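Enquirer:
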Amino acid sequence: MSHTTNCLIAHHIVAEFKVLKETYDRYLDRMDELVCLLDEDSEIRKMAGFLADGTDDVTQYVLNGKHVVSGIEAMLKKEEA
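Position one of the sequence shown corresponds to residue 389 (the numbering used here), numbered consecutively onward.
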């Protein structure tokens with residue numbers, strides 16, 4: 389595969405991750421909003437709370453992914469300079 393092709397694919401990887409991160413951030417905000425609208429003593433709230441609070445592994449993945457993407461972007465800047 390050519391260097392140009394690798395760079396193009398790397399740009400797509402970065403873009404896809406950014407879409408994932410934006411979508412995940414939006415999901416967390418919206419779920420937090422919605423769960424908070426439920427009555428505090430509601431059984432549904434207790435169950436649904438997991439969908440907003442039980443996301444530690446995904447959050448860690450996104451944080452680690454941000455570092456990887458930053459590294460890829462730095463490499464691309466060097467390549468394109």
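Yeah, the Cβ is synthetic: ideal placement off N, Cα and C, and Gly gets one too. Being a predicted model, the structure only gives us computed values, none of them experimental.
(1) Run through DSSP, which three-state label would Glu404 get?
(2) Under 8 angstroms: do the segment 425 to 432 and the segment 395 to 413 share three or more Cβ pairs, one atom per stretch?
(3) If Ile397 and Ile460 are in contact, beta carbons under 8 angstroms, what's the gap, nearest whole angstrom?
(4) From the DSSP output, in three-state form, read off Met419 for me.
(5) Output needed for Ala436: all residues of its chain with C-beta closer than 6 angstroms, excluding positions within five of it in sequence on either side, in chain order.
(6) Counting along the chain, where does the alpha helix (DSSP H) carrying Ser458 start and finish?
(7) For Leu416, which of Ala403, His399, Thr443 has the nearest alpha-carbon?
(8) With respect to the alpha helix (DSSP H) encompassing Glu431, which residues constitute its N-terminal and C-terminal limits?
Expert: Considering the structure as presented:
(1) By one-based count along the sequence shown, residue 404 stands at place 16. Helix at Glu404.
(2) no
(3) The residue given as residue 397 occupies position 9 in the sequence shown. The residue given as residue 460 occupies position 72 in the sequence shown. Their Cβ separation, rounded to whole angstroms, is 10 angstroms, which puts Ile397 and Ile460 out of contact at 8 angstroms.
(4) Counted from its first residue, the sequence shown places residue 419 at position 31. Of the three classes helix, strand and coil, the one that applies to Met419 here is helix, per DSSP.
(5) By one-based count along the sequence shown, residue 436 stands at place 48. Excluding residues within five positions, the ones whose Cβ falls inside 6 angstroms are Val423.
(6) Position 70 of the sequence shown, counted from the start, is the residue given in the question as residue 458. Where Ser458 is concerned, the enclosing alpha helix (DSSP H) stretches over 444 to 468.
(7) Along the sequence shown, read from residue 1 onward, the residue named residue 416 stands at position 28. Leu416 has its Cα closest to that of Thr443, out of Ala403, His399, Thr443.
(8) Along the sequence shown, read from residue 1 onward, the residue named residue 431 stands at position 43. Element bounds for Glu431: 431 to 441.
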